Amino acid sequence: MTRSPSLFAARPRAHAPGRDFASAAAVAVAVGVAAAAALTGPPAARAADLPPLIAREVLFGNPERANPQISPDGRRLAWLAPDKKDVLQVWVKTIGKDDDRAVTADPKRGIRMYFWAEDGRTLLYQQDADGDENWHVHGVDLDTGADRDLTPWRGVRAEALATHPRYPDVLLVTMNVRDKTLFDVYRVTLSTGAVALDTTNPGDVADWTVDDKLAVRGASVATPDGGTELRVRDAAPKAKWRTLLKAGPEEDLALLDFTKDGASVYLKTSLGSDTSRVVTRNLKTGAEKELARSFVVDAGAVVIHPTKHVVEAVGFVTGRNEWTVVDPTVKADYEALAKVTDGDFFLTNRDRDDKTWLVGYTRDRGPTRYYAWDRAAKKETFLFVTQPKLEGLALAEMKPIEVKARDGLVLHGYLTLPVGVAPAKLPTVLLVHGGPWGRDVWGMSSTVQWLANRGYAVVQVNFRGSTGYGKKFLHAGDKEWGLKMHDDLVDAVSWAVKEGVADPKRVAVYGGSYGGYSALAGAAFTPDTFRCAVDIVGPSNLFTLLASIPPYWKPLLGMFRARVGDPDDPKEKALLTRASPLFSAAKIKIPLLIGQGANDPRVKPAEAEQIVEAITKNKGKAVYVLYPDEGHGFARPENRIDFNARAEAFLAENLGGRAEPLKGDRYPGSTAVVKVVGGAAGGAGAGAAKPK
Numbered sequence: 032m033t034r035s036p037s038l039f040a041a042r043p044r045a046h047a048p049g050r051d052f053a054s055a056a057a058v059a060v061a062v063g064v065a066a067a068a069a070l071t072g073p074p075a076a077r078a079a080d081l082p083p084l085i086a087r088e089v090l091f092g093n094p095e096r097a098n099p100q101i102s103p104d105g106r107r108l109a110w111l112a113p114d115k116k117d118v119l120q121v122w123v124k125t126i127g128k129d130d131d132r133a134v135t136a137d138p139k140r141g142i143r144m145y146f147w148a149e150d151g152r153t154l155l156y157q158q159d160a161d162g163d164e165n166w167h168v169h170g171v172d173l174d175t176g177a178d179r180d181l182t183p184w185r186g187v188r189a190e191a192l193a194t195h196p197r198y199p200d201v202l203l204v205t206m207n208v209r210d211k212t213l214f215d216v217y218r219v220t221l222s223t224g225a226v227a228l229d230t231t232n233p234g235d236v237a238d239w240t241v242d243d244k245l246a247v248r249g250a251s252v253a254t255p256d257g258g259t260e261l262r263v264r265d266a267a268p269k270a271k272w273r274t275l276l277k278a279g280p281e282e283d284l285a286l287l288d289f290t291k292d293g294a295s296v297y298l299k300t301s302l303g304s305d306t307s308r309v310v311t312r313n314l315k316t317g318a319e320k321e322l323a324r325s326f327v328v329d330a331g332a333v334v335i336h337p338t339k340h341v342v343e344a345v346g347f348v349t350g351r352n353e354w355t356v357v358d359p360t361v362k363a364d365y366e367a368l369a370k371v372t373d374g375d376f377f378l379t380n381r382d383r384d385d386k387t388w389l390v391g392y393t394r395d396r397g398p399t400r401y402y403a404w405d406r407a408a409k410k411e412t413f414l415f416v417t418q419p420k421l422e423g424l425a426l427a428e429m430k431p432i433e434v435k436a437r438d439g440l441v442l443h444g445y446l447t448l449p450v451g452v453a454p455a456k457l458p459t460v461l462l463v464h465g466g467p468w469g470r471d472v473w474g475m476s477s478t479v480q481w482l483a484n485r486g487y488a489v490v491q492v493n494f495r496g497s498t499g500y501g502k503k504f505l506h507a508g509d510k511e512w513g514l515k516m517h518d519d520l521v522d523a524v525s526w527a528v529k530e531g532v533a534d535p536k537r538v539a540v541y542g543g544s545y546g547g548y549s550a551l552a553g554a555a556f557t558p559d560t561f562r563c564a565v566d567i568v569g570p571s572n573l574f575t576l577l578a579s580i581p582p583y584w585k586p587l588l589g590m591f592r593a594r595v596g597d598p599d600d601p602k603e604k605a606l607l608t609r610a611s612p613l614f615s616a617a618k619i620k621i622p623l624l625i626g627q628g629a630n631d632p633r634v635k636p637a638e639a640e641q642i643v644e645a646i647t648k649n650k651g652k653a654v655y656v657l658y659p660d661e662g663h664g665f666a667r668p669e670n671r672i673d674f675n676a677r678a679e680a681f682l683a684e685n686l687g688g689r690a691e692p693l694k695g696d697r698y699p700g701s702t703a704v705v706k707v708v709g710g711a712a713g714g715a716g717a718g719a720a721k722p723k
């Protein structure tokens, strides 16, 4: 398995020495869908037992502050926060002074990915156009305020790859300028904006890795059979590439980084074991040294020092994340950080001298808390929480669960129950994660808390095909879309019913991306299990899905065929047909709510439009909401809240319970275009007329 994306995840970025792009890049902006709730017994009496409604704006609006990043010289602090128009911008201040200022001026969509350049005066960020995922890398000069698009080619996707303290004026980026299907590496001079080709993609490289001298020396290749080939080359000019390792599609194999001297590499690998572990491998001798492993779950987050190139710690997520400290020089820090506050902590970034770390704490019943950590004094300084209005509210506990599938496979997941009511025969939402090659984890989820606040039991299950539980579990989902993968979801519902938690007559299935596919599959394949379904950017036809993937995923097509199915193989056409909800649309008898971004490059609007047309033909019921300025998910809070309001009304109508009404036809500032099929759908179709 390459470090390639799940079908619905962004293309991965190679490990970058210098700033930690993986942690700096993203503020999680949830694909918002909402819920309303009903409880057994008289609705009014049971609703009175629930805590007060938490406003959708509080749960799904922009964070007040998020994703802090300290500058390499330790003098400045940056973070994300909304401006006066409620658009997320990057803000900067001098540490110790009250000179906060926004340094970006995005007009509508908001900035979500940014990081510091090594020169200490340039702030770099990535932005696309209305969700098309053709990212451009921008540089803001903090002294002059000038904002320059460093990758100005139209229709090109660019991503930051690496910086280095010894080359403060240089940024490596990957771009598909030469060929839309391939990413070459380019060298950008920050002071002038000059761009020069550094490394040409030979035609099959999906990911690049650089060494401590900012030289591109590692390449991850997606092989035609869905496996992985790792290539390396010497640091000498014009050195030739050679194969380091090859693995079949059943393996997990990723090149993480080079050691400081460039003589060895760090790998995440499942070769020789079921779960992936972290090892060091000598490039000349092939000798390996194991650094961290678990026999239960795969290695998760790997913390590598950005300039020393030493693996410091590896995370392993069972029910919650647990750190295995590899580097003894940080052991005291990790032990002390575990005691600062409740929650699971993660390192966001650090200054160049490694004196100050910025650390976040994820909790299941509260917003993320951020601290500055003084390594010498072993003392924390509180910075902020992302959503302070959530502090002190009656939020619900997320508990790890185990579910045994019908064939005996053990599934892990989470159960969240509403506060204040007995956990008996509750209306229930099966919340399905995207990917499908991802997983649910413990922590604060606005969607989960919102559902629980409205009175729902929320069931999340890591079905076969989810990552994190070893290669056997992952590949048990190969070519099982709509089959055993879906059986696992139904088995999780059966488990909740047998436990007495779920009312079998009031269960909804909902999710985004692959979770949206699962919502459509639930409606088409097991309509008696679910009362209604909510699909966000989910595919309905696997043939059209695979035929329309972004051109830059072409090197990964072998993996998709190995895991989903090969539409060119006559023997697998029946498999893909059976697994496509579109071809079973006549069986859909439950109401559907469908949300879609018009600019989605992964799951095109045609996926939603096909199923809506089929439901119309079969006289079913559906509400289709299209957002012209969104892509694969709803980034703008106005659209996110608008769809959540419609979903809340939709679930309230179909499952009963309380709901915060949507005032007017749409949430202010939303671009929703609504189509209602088969009759009224409560507030979900606010402002829409029946199609003619």
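Each residue of the sequence shown is one higher than the one before, counting from 32 in this note's numbering. The C-beta atom is built at its ideal place from N, Cα and C for all residues, glycine as well. All of these numbers come straight from a predicted model, not from anything done at the bench.
With 16 or more neighbouring CB atoms inside 10 Å of its own CB, I335 falls in the buried class. Under the three-state reduction of DSSP, L368 is assigned to helix.
With contacts defined by Cβ atoms closer than 8 Å, S571 and V463 do not form a contacting pair. Annotation for M516: the continuous alpha helix (DSSP H) segment containing it runs K515 to K529.
For Q641, the uninterrupted alpha helix (DSSP H) segment begins and ends at P636 to K648. Counting every other CB atom within 10 Å of its CB across the protein chains shown gives G374 a total of 16 or more, marking it as buried.
Boundaries around D405 are those of the beta strand (DSSP E), R400 to D405, since no alpha helix (DSSP H) includes it.
Of all alpha-carbon atoms in D283, K244, I85 and G258, the one lying nearest the alpha-carbon of D265 is that of K244. By the beta-carbon neighbour count (other beta carbons within 10 angstroms, threshold 16), G710 is exposed. The three-state reading of DSSP puts F614 in helix, counting H, G and I together. D534 and V521 have their C-alpha atoms roughly 14 Å apart. Under the DSSP assignment, Q480 falls in the alpha helix (DSSP H) whose first and last residues are S477 to N484.
Of the candidates R594, Q418 and R470, Q418 places its Cα closest to the Cα of E88. Under the DSSP assignment, D229 falls in the beta strand (DSSP E) whose first and last residues are V226 to T230.
Measuring C-alpha to C-alpha distances from A193 to each of R562, W239 and D329 identifies W239 as the nearest. In this structure, the straight-line span from the alpha carbon of G444 to that of T349 is close to 10 Å. For S549, the uninterrupted alpha helix (DSSP H) segment begins and ends at Y545 to F556. Of the candidates G92, I432 and L90, the residue whose Cα lies closest to the Cα of A523 is I432.
Under DSSP, N493 shares a beta bridge with H443. Rounded to whole angstroms, the gap between the alpha carbons of V490 and R218 is 47 Å. Just so you know, the alpha carbons of G553 and A160 end up roughly 33 Å apart. At a Cβ-Cβ threshold of 8 Å, W473 and R671 do not count as neighbours. The three-state secondary structure of Y392, taken from DSSP, is strand. Sequence-distant Cβ neighbours of P692 in its own chain, meaning closer than 6 Å and more than five residues away, do not exist here. Secondary-structure assignment with DSSP links V463 through a beta bridge to G542. Contact between the region 208-216 and the region 224-233 is present, with at least three C-beta pairs closer than 8 Å. Our two residues, D163 and D660, have alpha carbons roughly 9 Å apart in a direct line. Cβ neighbours of L213 within its own chain (closer than 7 Å, five residues either side excluded): N207, N232 and G234.
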